[in-house]
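Participant: Chains as they are written, first to last, in our numbering: chain A, 30 to 336; chain B, 9 to 317; chain C, 3 to 285.
All C-beta atoms in this analysis are idealised placements derived from N, C-alpha and C, irrespective of residue type, glycine included.
Given the structure is predicted, the values throughout are model-derived calculations rather than measurements.
Right, I'll just put the structure down here and ask away after.
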Amino acid sequence: MSETIIQLEGIHFCYNGFRAIDDVSLAINSGVYGLLGPNGAGKTTLMKIILGHLQPARGKGRILGTDMDTGLTEVRRRIGYMPESHCLIPGMDAVTLTSYMGELSGMPRQEAIKRAHEVLYYVGLEESRYRLADTYSSGMKQRLKLALALVHDPELMILDEPTSGMDPGGREEMLQLIVDIVAKGRMNMIISSHILADIEKTCARVLIMNHGRIVSEQQTLDFAGRETSTFEVGIQGESRLFLERLPGIQAETDRRGLLRLHLPPDFPPMNLFRCALDAGVQIRHFRPSRLTLEDAFVTAIGESHAR
Amino acid sequence: MAPVIEAETLSKWYGNILGVSDISLRLMPGVHGLLGPNGAGKTTFLRLATGQLKPNRGRIRIFGEPVFNNPGLFQRVGFCPENDAYYRGVSGGDYLAFLARLHGASMEKARDQAREALHQVGLEEVADKAVSAYSLGMRQRLKVSAAVLHDPQLVILDEPLKGVDPLWRARITDLIRDFASRGRTVIVSSHVLPEIEAMTNNIVLIHQGEILAEGDIQEIRGLLDSHPHMISVRTPQFRLIAEWFVEDHHVLTIRFDNARQKVVFKTDNRDHFFGRLNRFVVENNLEIEEITSPDDNLQAVFNYLVGRK
Amino acid sequence: MPVKERGYHGWEGSLAPRRFPWFPISVHGIRQVKEKKRAKLLFFFSAFPFLFFLIAVYVASKPELRFLDEITRFINDDSRFFDLFFTRSGLMFVLFLLSVYAGSDLISADLKFNSIQLYLSRPLKRLDYLVGKLAVVMFYLLMFSLVPALLLVVAKLLFSGTWSIGLSTLGAILVYPFLASLALASLVLLFSSFSPNTRLVIVGYVGFFFFANMLAGILSGVVFKHSALGLLSPERTMRHLSALLFGTKPAMAVPLWVAPLLVVMVSLLALTWTLLRIRRVEV
Numbered sequence: 030m031s032e033t034i035i036q037l038e039g040i041h042f043c044y045n046g047f048r049a050i051d052d053v054s055l056a057i058n059s060g061v062y063g064l065l066g067p068n069g070a071g072k073t074t075l076m077k078i079i080l081g082h083l084q085p086a087r088g089k090g091r092i093l094g095t096d097m098d099t100g101l102t103e104v105r106r107r108i109g110y111m112p113e114s115h116c117l118i119p120g121m122d123a124v125t126l127t128s129y130m131g132e133l134s135g136m137p138r139q140e141a142i143k144r145a146h147e148v149l150y151y152v153g154l155e156e157s158r159y160r161l162a163d164t165y166s167s168g169m170k171q172r173l174k175l176a177l178a179l180v181h182d183p184e185l186m187i188l189d190e191p192t193s194g195m196d197p198g199g200r201e202e203m204l205q206l207i208v209d210i211v212a213k214g215r216m217n218m219i220i221s222s223h224i225l226a227d228i229e230k231t232c233a234r235v236l237i238m239n240h241g242r243i244v245s246e247q248q249t250l251d252f253a254g255r256e257t258s259t260f261e262v263g264i265q266g267e268s269r270l271f272l273e274r275l276p277g278i279q280a281e282t283d284r285r286g287l288l289r290l291h292l293p294p295d296f297p298p299m300n301l302f303r304c305a306l307d308a309g310v311q312i313r314h315f316r317p318s319r320l321t322l323e324d325a326f327v328t329a330i331g332e333s334h335a336r
Numbered sequence: 009m010a011p012v013i014e015a016e017t018l019s020k021w022y023g024n025i026l027g028v029s030d031i032s033l034r035l036m037p038g039v040h041g042l043l044g045p046n047g048a049g050k051t052t053f054l055r056l057a058t059g060q061l062k063p064n065r066g067r068i069r070i071f072g073e074p075v076f077n078n079p080g081l082f083q084r085v086g087f088c089p090e091n092d093a094y095y096r097g098v099s100g101g102d103y104l105a106f107l108a109r110l111h112g113a114s115m116e117k118a119r120d121q122a123r124e125a126l127h128q129v130g131l132e133e134v135a136d137k138a139v140s141a142y143s144l145g146m147r148q149r150l151k152v153s154a155a156v157l158h159d160p161q162l163v164i165l166d167e168p169l170k171g172v173d174p175l176w177r178a179r180i181t182d183l184i185r186d187f188a189s190r191g192r193t194v195i196v197s198s199h200v201l202p203e204i205e206a207m208t209n210n211i212v213l214i215h216q217g218e219i220l221a222e223g224d225i226q227e228i229r230g231l232l233d234s235h236p237h238m239i240s241v242r243t244p245q246f247r248l249i250a251e252w253f254v255e256d257h258h259v260l261t262i263r264f265d266n267a268r269q270k271v272v273f274k275t276d277n278r279d280h281f282f283g284r285l286n287r288f289v290v291e292n293n294l295e296i297e298e299i300t301s302p303d304d305n306l307q308a309v310f311n312y313l314v315g316r317k
Numbered sequence: 003m004p005v006k007e008r009g010y011h012g013w014e015g016s017l018a019p020r021r022f023p024w025f026p027i028s029v030h031g032i033r034q035v036k037e038k039k040r041a042k043l044l045f046f047f048s049a050f051p052f053l054f055f056l057i058a059v060y061v062a063s064k065p066e067l068r069f070l071d072e073i074t075r076f077i078n079d080d081s082r083f084f085d086l087f088f089t090r091s092g093l094m095f096v097l098f099l100l101s102v103y104a105g106s107d108l109i110s111a112d113l114k115f116n117s118i119q120l121y122l123s124r125p126l127k128r129l130d131y132l133v134g135k136l137a138v139v140m141f142y143l144l145m146f147s148l149v150p151a152l153l154l155v156v157a158k159l160l161f162s163g164t165w166s167i168g169l170s171t172l173g174a175i176l177v178y179p180f181l182a183s184l185a186l187a188s189l190v191l192l193f194s195s196f197s198p199n200t201r202l203v204i205v206g207y208v209g210f211f212f213f214a215n216m217l218a219g220i221l222s223g224v225v226f227k228h229s230a231l232g233l234l235s236p237e238r239t240m241r242h243l244s245a246l247l248f249g250t251k252p253a254m255a256v257p258l259w260v261a262p263l264l265v266v267m268v269s270l271l272a273l274t275w276t277l278l279r280i281r282r283v284e285v
């Protein structure tokens, strides 16, 4: 069942005369959304509006069923926010801090403590959960922030640069945690990140912002649909011999050494395997060419500049 | 060809704490990615390479010259540190011009160089604004341009893309590759492995103060005997293909993904496997949707060598 | 029995709004103050005025010690007794120290570590945050002013055997500590909101009191030679308030109602200014 989590209509917001949000209307349904955009595009401002910290100058909206005009303080009970910047409360160990945040969201004290332990185990901090949070490394602080956003089991999570400051192992684990949380149930997410690989791994849909507007909305898995007559092919052996058997077919080699072959409509892709066999080479990589998220991003931003 | 950076049994420790231990390395011109977990010794290595630390044992040379206490060397080396390093109240343009002057340019030439550098990283419009007013991404771009301002032979960049938006990530990546294609050397240290992969195929992996692997990613992958190669085949007839390989002793595991109509093989002999696969596809007229190698990438190499806690 | 597998599990409970959303802030804040360095030492010394007066009550009730006639007389006069307890026993200084100890880092540490962003990611308003913090300081101040005063009332009852305290005195015993605590708490929170550096906050707060006292002394004694300028001094104003509440002789030639008005106004101003500063914090 797909329900509308966030609905915005004609939202405007200005900072000192600068239009940070310029006529934004969108509908975010259940699922995981990526939020992309150049610096200053308005991503952070949009998140603050959704959290109720900023009041739009014009426009209306509903967040988790609550009208924006009535004030969004209560809605934050059902939202888990993982901010980008370092933030913690000094002098508290992780369990105390996590349960404290749970209490502030409306959990009874004992429940909050129990859940704090559970959530700290989940994010991989079980061995350091009694240590003071200010002694944590930056990777641990990121996990702690995730725990703080999860403790009250919200309906919607907003993650701002969730892998920032983490080493390769930590990044991988954080992304897997995010994928797991979504896979396990009813969590909705909005993830803002500059790292496209992270968005591709975790999000089903992407909103691209620029100059305070939403310039594009995409499905991440949909990119393949764009160019189905172009294929990425990886060859082991003499590619020259292979290409000789493909006269008139446009071919480029990309940075990774893969061939991009633009096949005419009357050329069945499976013929490539026959040609490879004849040429004495092996096809070791074969995939319909996908527009990467990077390509889509650059196009969307470029188009929005032209407008 | 002489190596650009050469380290021999390089070691550094701080009391009990080990920084790097017995590192020997020869890096040729080109782009090299430097990666490793936190606390692995990456930062120590970079500090040794930029002359901020003196080795306890062994030595490190750049362009054949010792690094420590050799300020003249840094005419040919540019460094972009991870942390912010700028003077308060200075504008972007002034900062770069100042650096250019430090490297010996005349006042006028310095201004030109600064303007050109700012243009390259898209900061020409904010040249007169104070650096403290720049966003994080803008400050990163400024740092990168400061590192290449004096056209050094070797550039060392520590997390250059932190906080930079996707548009400028791509452009700076191109800038770096372009820079290296002119015979220069770039060392990029980063935690974001897809970033490194976009820039280069050559990496140096440091863990627990040692170099675990150095060189081309695919070659390194090939050397990991204890981790057979994963090959994923997506086709409606995925089970038929599996049947074909069940008796093959070079296939070590077969895993099915019903939802995505995929079968994932692990094999210790890719040549043998792909030879048979290609023939089987052609002989049986199969419709293949996708053939990929899911663990032939840097994250997989990292996971296999460093492991997860 | 179902098996609990690895991975993320939701929480089956329900999140309910609290009657006082700021309550957990106060509870945690109070606990954190208690766990600070040398807390017990400070609390021990803060009890001295109370202990001294408690002993005095005991002494006054013992006939064999009646030679200390002076003491007996002042003790039996309740208004004067509590006036002295609140304003001349060193209690004012004790409360001042407690306000610094409990309150100086309450907001400034949060500014330093960016905690307000965490608080506001919860269903809290900035006002809730302020009230929660205020309650922490008020708790300790009342603990060492109102509670001891009430205990002294009980002690007097026990040792003299009769209920001799007038209703108006009783009322004054409740009102004075409350106003004093409110004023101190509001001011220390205001100063705490000025800087993420707690040392700076302490210097500013202490300096403010020191400077105000000094200014009051100079202006009222030397420059203008009018005791009304003594109102600049927090200490003198509180004594004036006490004089109003307990009916004792005031030291300044100013109408008595000016004192509570000034105290309440200063408190409200401090609280409003603090709230404005909190509103300005970026989240």
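1. On the DSSP bridge assignment, give the partners of B/V196 in chain order.
2. Is the CB of A/L133 under 8 Å away from at least one CB in chain C?
3. Would you tell me roughly how many angstroms separate the C-alpha atoms of B/H237 and A/A86, rounded to the nearest one?
4. In chain order, what residues of the same chain lie with their CB nearer than 8 Å to the CB of C/W259, ignoring the 5 residues before and after it?
5. DSSP three-state call for A/I237: helix, strand or coil?
6. Applying the 10 Å Cβ sphere with the 16-neighbour rule, what's the burial state of A/G254?
7. Take the Cβ of C/V203 as the centre, count every other Cβ of all protein chains shown within 10 Å, and call the residue buried at 16 or more, exposed below.
8. Enumerate, from N- to C-terminal direction, the unbroken beta strand (DSSP E) stretches of 3 or more residues contained entirely within the region 52-109 of chain B.
9. So who's on the other strand from B/T275, going by DSSP bridges?
10. Under three-state DSSP, which class holds B/A155?
11. Is the beta carbon of B/T208 closer than 8 Å to that of B/V314?
12. Could you tell me the alpha carbon to alpha carbon distance between B/L81 and B/E222, rounded to whole angstroms?
13. B/W176 to A/E140, Cα distance in whole Å?
14. What is the DSSP secondary structure of B/V12, reduced to helix, strand or coil?
15. Under 8 Å between C-beta atoms, does B/L201 make it to chain A?
16. I want to verify the contact list: residues of chain C whose CB lies under 8 Å from the CB of A/K213, in sequence order.
17. Three-state secondary structure (DSSP) at C/G209?
18. Check this for me: beta carbons of C/A185 and C/F87, under 8 Å apart or not?
19. Tell whether a beta-carbon distance below 8 Å holds between B/D304 and B/Q226.
20. In chain order, what residues of the region 286-316 of chain A put their CB closer than 7 Å to some CB of chain B?
21. Between A/L93 and A/I57, which are expected to be in contact by the criterion C-beta below 8 Å, what is the C-beta distance as a whole number of angstroms?
22. So, using beta-carbon positions, are B/V12 and B/L213 closer together than 8 Å?
23. Give a yes or no on whether the minimum CB-CB distance between A/D209 and chain C is below 8 Å.
24. In the DSSP assignment, what residue or residues form a beta bridge with A/L64?
25. With a CB to CB cut of under 7 Å and the five nearest residues on each side skipped, what residues in its chain are close to C/V265?
26. Out of C/K114, C/V5 and C/L97, which one is the CA nearest neighbour of C/S194?
27. Count the C-beta pairs between the region 36-50 of chain C and the region 240-250 of chain A that are closer than 8 Å, then say yes if the count reaches three, no if not.
28. Could you please tell me which residues of the region 79-106 of chain A, in chain order, have their CB closer than 8 Å to any CB of chain C?
29. Among A/D189, A/G60 and A/Y159, which residue has its Cα nearest to the Cα of A/T74?
30. Count the other CB atoms within 10 Å of the CB of A/Q205; is the residue buried (16 or more) or exposed (fewer)?
31. Strictly by DSSP, which residues pair up with B/T300?
32. Along the chain, where does the alpha helix (DSSP H) containing A/E271 start, and where does it finish?
33. Which of the three DSSP states, helix, strand or coil, is assigned to C/H1?
34. Which stretch, first to last residue, makes up the alpha helix (DSSP H) that contains C/S63?
35. Where does B/K270 fall in DSSP's three states?
36. Please list the partners that A/E323 has in chain B, where partner means a Cβ-to-Cβ separation under 8 Å.
Facilitator: On the basis of the supplied data:
1. B/G41 and B/L165
2. yes
3. 57 Å
4. L246
5. strand
6. In this prediction, A/G254 has a pLDDT of 49, which is less than 50 and means its spatial position is unreliable; what the coordinates show is noted afterwards. Result: exposed.
7. buried
8. 65-70 and 85-88
9. B/H237 and B/V259
10. helix
11. no
12. 25 Å
13. 46 Å
14. coil
15. yes
16. G9, Y10, H11 and G12
17. helix
18. no
19. yes
20. M299, F302, R303, A305, L306, Q311, I312, R313, H314, F315 and R316
21. So it is not a contact: roughly 10 Å between Cβ atoms.
22. no
23. yes
24. A/S221 and A/L236
25. L181, A185, T239 and L243
26. C/K114
27. no
28. L80, H82, T102, E103, V104, R105 and R106
29. A/D189
30. exposed
31. B/S240
32. This sequence places Phe at residue 271 of chain A; Glu is not what is there. A/F271 -> alpha helix (DSSP H) spans S268 to E273.
33. As shown, chain C starts at 3 and ends at 285. That puts residue 1 of chain C outside it, with no answer to give.
34. F50 to S63
35. strand
36. P174 and A178
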